[in-house]
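Let me begin by presenting the structure, written as structure tokens, before commenting on it.
Numbering (our numbering), first residue to last: 2 to 242.
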């Protein structure tokens, strides 16, 4: 789709989106493995990534990705225990990681449930790779990505790579998140979005000159955006192109 810095691919349905995303991951992760013998991947939560997780966990897909050399991290996490239904880690574990041959030592859970968020932030920052091969991101109806929300002072962060959030506008208010420098330095960004509720935020992120402070997902504008037709509604021309 012309007019945007990254690639925008519009899929007919959420299921088709998940399949296209799975194929994209196969290509990027295999290329990273060929380039430097390992893969560093950070996941996000939400319903759209979960559809992708279930696709990748299916027998037909499991062997196509280099899980044995992949290190998995998270873009953000809520301050809940790992077995809580709201845990991004817990959902990814249940729907994907428990079904693939990924060594446990290569799963790096973001410890947002630690009562000392400052200590957890420092510990997780120390575990990050110098540069991620791939971040899997989403976009909220308010334009947030990871746990970087509109108006957050973290959008001006230039040094810290992980930060605590204590006033998120969505519950729970306490979280950990990767910061703009991590997004900006990643080798590849894949943004997944489905549903008409995301359409206006996507237009602000991709089509309009909206400041990052008002639409944090613009941080990922250079990435590959996979959208279903409902989510792409506000950026499609009248002919649906």
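Backbone N, C-alpha and C define an ideal beta-carbon position, used for all residues, glycine too.
Item: Alpha helix (DSSP H) runs contained entirely in the region 115 to 165, provided each spans 4 or more residues; Value: 118 to 128
Item: Among 164, 125, 23, 174, nearest to residue 67 - alpha-carbon criterion; Value: 23
Item: Beta-bridge partners of residue 40, as assigned by DSSP; Value: 71
Item: Sequence-distant residues of its chain with Cβ nearer than 7 Å to residue 165 (five each side left out); Value: 118, 119, 122, 177
Item: Straight-line Cα distance separating residue 10 from residue 17; Value: 11 Å
Item: Residue 76 beta carbon less than 8 Å from that of residue 129; Value: no
Item: Contained beta strand (DSSP E) runs [length at least 3] in the region 158 to 222, N- to C-terminal order; Value: 163 to 166, 176 to 179, 189 to 194
Item: Alpha-carbon spacing of residue 31 relative to residue 69, whole angstroms; Value: 12 Å
Item: Candidates 54, 21, 195: closest to residue 97 by CA position; Value: 54
Item: Beta carbon of residue 179 nearer than 8 Å to that of residue 218; Value: no
Item: Buried versus exposed call for residue 199 [16 or more other C-beta atoms within 10 Å across all chains shown]; Value: buried
Item: At least 3 beta-carbon pairs within less than 8 Å: the region 199 to 217 vs the region 151 to 160; Value: yes
Item: Cβ-based burial, residue 49 [other Cβ within 10 Å; buried from 16]; Value: buried
Item: Closer than 8 Å to chain B by CB, residue 222; Value: This model lacks chain B altogether, as it is built from one protein chain only.
Item: Backbone secondary structure at residue 225 - three-state DSSP; Value: strand
Item: Given 8 Å, three or more beta-carbon pairs between the region 185 to 194 and the region 218 to 237; Value: yes
Item: Contact test: residue 119 Cβ vs the ligand GTP heavy atom, cutoff 7 Å; Value: Only the bare structure without any ligand can be found here, which leaves the ligand GTP out of the picture.
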